[in-house]
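K.L.:
Below is one structure. I have some questions about it.
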Amino acid sequence: MARAVKSGRTARAKAGKRRSPLVGGLIGLGPAAALARINASLDFDRRLYAQDIAASQAHAAMLGQQGIIPAGDVTKIAAGLARIRGEIEAGDFTFDPALEDIHMAVEARLAELIGPAAGRLHTARSRNDQVATDFRLWVRDALDHLDGSLRDLQTALIDKAESHADAVMPGFTHLQPAQPVTLGHLLLAYVEMLGRDRGRIADARRRLNESPLGSGALAGTSFPIDRKRTAKALGFDRPTANSIDGVSDRDFALEFLAAGAIVAVHLSRLGEEIVLWTSPMFGYARLSETFSTGSSIMPQKRNPDGAELVRGKAGRLFGALTGMLTVMKGLPLAYNKDLQEDKEPVFGAADTLDLCLSVMTGMVGDLTFDRARMRQAADEGHLTATDLADWLVRSLGLPFRDAYRVAGRLVGRAEAKGCRLDELTLAEMRMEEKRITADVFSALDVNRAVAGRKSEGGTAPASVRRAVAEARRRFLGKRS
Ligand code: ARG
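The opening residue of the sequence shown carries number 68 in the numbering used here; numbering runs sequentially from there.
Structure follows, in structure tokens:
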């Protein structure tokens, strides 16, 4: 045993000596190169270039205004930064990983372009307040973009809900047929979820919208800066109140990821509905060829890959959130390099949400529902059993619990006979409760059962039509 362990170790040690660089891997980098690699963020934080340049423009203008740097240098800096933005957008900018991050890369290029004046830009600033500012600006844009995508999906859902305000289908609890509902009503349930998502985004945006610029490395600065001026120039509501918090807080990223994770929960539930509805076992809906794929071996298949992937991608969002929470927990104040790990999960989450929402909005518009099949399904599973119990309460004055028992026995009779509740004869009904009259059959009519649920927020087509108009007003800012 001991010998086996020892020889195993020897084998590994030998293999270690013979290790060759992995294809595309990093094994074999010397210590200095490995540190440079782990330290560099330019590969991903180049996505902050526009925010970095905007924040530098605001900072330089403020420095000039306050007489901290000469006006002539501000002009040179502004022109140089504008040119760099142009170079990056034209694909003419060389991102040199030796420059570590986007902030250094932009500043180094500025020095090449305008010479020593470039060295004045970083007066009264640190990369710590710089990155905190850039990243807030980026996440603010991402929140706005996400809100717009959610609104688009709400629009698609509301349009479908309007077309199917009166399409009767089984409503489920425990995935067991429960009571008949309208498809429009069900689709509007998702509109509500997305509406709350948008509310979370608006809340997060409001808290995010303070400027950390001017916090310096952590303690502020002895230069006479005007933080209100830079905050205003960048569209922030005000400067952050505490410089230590300003450079070290990433709540805004956590809130973006948390709101995004809840969006992903909602999208994955809708994805699951689409998977079920389009399964031939349900047969409620079909996706066109644009939104379904075939199988390489089973010619009859129409797979809802888009819906499945939206369901599956939720895992990435949850991973991004838990990853970021883990990076943040226990970090002492103020800035720590761990914070550089904030960007990739946020970028990844934003990209994933964008993709999932485009696919989902496309799928919702694409779905065609088989209303006849859904209506037929609503005839199965004794969905009007509750309505039968309600009739016994209303017409015979039975306490609901007694009515429930009578209705349960009638369901048993129908099951034994292999028929629907409304196919039982009046005589059979009376065997369970002799006061039942022929009027009971009105309660067993599925369409009437649905139309009768007119309570606020209920499933009746008339209520759904009203809810559609309300949803347009509440979420899309439209009168209708
Ligand atoms: N690339 C860094 C980040 O993303 C920028 C801030 C670096 N600050 C520092 N003191 N090393 O967090």
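Cβ coordinates follow ideal geometry from the N, Cα and C atoms, glycine included.
Please say whether L115 and R104 have beta carbons closer to each other than 8 Å?
P.N.:
no
K.L.:
Is the separation between the beta-carbon of L250 and that of A234 shorter than 8 Å?
P.N.:
yes
K.L.:
Any chance the CB of R194 is under 7 Å from a heavy atom of the ligand ARG?
P.N.:
yes
K.L.:
Applying the criterion that 16 or more other CB atoms from any shown protein chain within 10 Å of the CB defines a buried residue, is A185 buried or exposed?
P.N.:
buried
K.L.:
Work out the CA separation of T526 and E340 for me, nearest whole Å.
P.N.:
18 Å
K.L.:
Compute the distance between the beta-carbons of L324 and A416, then report whether it is under 8 Å.
P.N.:
Remark: C-beta atoms of L324 and A416 approach each other more closely than 8 Å.
K.L.:
Are there 16 or more other CB atoms within 10 angstroms of the CB of Q367, so buried, or fewer, so exposed?
P.N.:
exposed
K.L.:
Which runs of the alpha helix (DSSP H) spanning at least 4 residues fall entirely within the segment 137 to 177, listed in chain order?
P.N.:
138 to 157
K.L.:
Assign R19 to one of two classes, buried (16 or more other C-beta atoms within 10 Å of its C-beta) or exposed (fewer than that).
P.N.:
Missing from the structure shown is residue 19; the chain here goes from 68 to 547 and no further.
K.L.:
From this set, P98, G134, A387, S310, which residue's C-alpha is nearest T190's C-alpha?
P.N.:
G134
K.L.:
Can L384 be considered in contact with the ligand ARG, in the sense that its beta carbon sits closer than 7 Å to one or more heavy atoms?
P.N.:
no
K.L.:
For H126, count neighbouring C-beta atoms within 10 Å of its own C-beta (all shown protein chains included) and say buried if the count is 16 or more, exposed if not.
P.N.:
buried
K.L.:
Could you give the uninterrupted runs of the beta strand (DSSP E) lying entirely in the segment 206 to 250, keeping only those of 3 residues or more?
P.N.:
Segments of the beta strand (DSSP E) lying fully in the segment 206 to 250: 235 to 240, 243 to 249.
K.L.:
Is the segment 386 to 398 in contact with the segment 464 to 480, if contact means three or more CB pairs nearer than 8 Å?
P.N.:
no
K.L.:
Tell me whether the segment 291 to 308 and the segment 375 to 383 touch, counting them as touching only if at least three CB pairs, one residue from each stretch, are closer than 8 Å.
P.N.:
no
K.L.:
Look up K81 in the DSSP assignment and say whether it is helix, strand or coil.
P.N.:
For K81, the predicted model reports a pLDDT of 47, less than 50, meaning its position is unreliable; a value from the coordinates is still stated below. Reduced to three states, the DSSP call for K81 is helix.
K.L.:
Just the C-alpha distance for S363 and D372, rounded to the nearest angstrom, thanks.
P.N.:
14 Å
K.L.:
Sorry if obvious, but does the Cβ on Q118 come closer than 7 Å to a heavy atom of the ligand ARG?
P.N.:
no
K.L.:
Between N276 and D312, what straight-line distance do the alpha-carbon atoms span, to the nearest angstrom?
P.N.:
Going by the C-alpha atoms only, they are around 14 Å apart.
K.L.:
Using the C-alpha atoms, what's the distance from N106 back to S74?
P.N.:
Since pLDDT at S74 reaches only 46, below the 50 mark, its modelled position is unreliable, and the value read off the structure follows with that caveat. Each residue's Cα considered, the two are about 37 Å apart.
K.L.:
If you run the structure through DSSP and keep just helix, strand and coil, what is S74?
P.N.:
Any reading at S74 must be qualified, since the residue scores a pLDDT of 46, below 50, and its modelled position is unreliable; the value itself is stated next. Per DSSP, reduced to three states, the secondary structure at S74 is helical.
K.L.:
Decide yes or no for the touch test of the segment 435 to 453 against the segment 350 to 362: beta carbon pairs closer than 8 Å, at least 3 of them.
P.N.:
Verdict: yes, contact present.
K.L.:
Identify whether P366 lies in helix, strand or coil by the three-state DSSP scheme.
P.N.:
Note: P366 maps to coil in three-state DSSP.
K.L.:
In angstroms with no decimal places, state the Cα-to-Cα distance between H333 and M260.
P.N.:
One C-alpha to the other measures close to 7 Å.
K.L.:
Tell me, which residues are paired with P466 by DSSP?
P.N.:
In the DSSP output, where bridge partners are listed per residue, P466 has none listed.
K.L.:
Kindly indicate which three-state DSSP category P528 falls into: helix, strand or coil?
P.N.:
helix
K.L.:
Verify whether the separation of the beta carbon atoms of L204 and S123 is less than 8 Å.
P.N.:
no
K.L.:
Roughly how many whole angstroms lie between the Cα atoms of R70 and T393?
P.N.:
In this predicted model, R70 has a pLDDT of only 44, less than 50, meaning its place in the structure is not dependable; the value taken from the coordinates is given anyway. Cα-Cα distance, rounded: 41 Å.
K.L.:
Excluding sequence positions up to five away, which residues of its chain have a Cβ less than 7 Å from the Cβ of M496?
P.N.:
For M496, the CB contacts under 7 Å within the same chain, skipping 5 residues up- and downstream, are L477, I503, V507 in chain order.
K.L.:
Going by the C-beta, is S170 closer than 7 Å to any heavy atom of the ligand ARG?
P.N.:
Looking at the sequence provided, one finds His at residue 170 rather than Ser. Checking the Cβ of H170 against the ligand ARG gives yes.
K.L.:
Entirely within the segment 235 to 319 and at least 4 residues each: give me those alpha helix (DSSP H) ranges in chain order.
P.N.:
250 to 275, 294 to 300, 310 to 315
K.L.:
Should the segment 266 to 282 be regarded as contacting the segment 314 to 321, the criterion being three or more beta carbon pairs within less than 8 Å?
P.N.:
yes
K.L.:
Do S530 and K521 have their C-beta atoms within less than 8 Å of each other?
P.N.:
yes
K.L.:
Sort out for me which residues DSSP pairs F436 with in a bridge.
P.N.:
A352
K.L.:
Taking 7 Å as the cut-off, is the C-beta of K521 nearer than that to any heavy atom in the ligand ARG?
P.N.:
K521: no, Cβ never under 7 Å from the ligand ARG.
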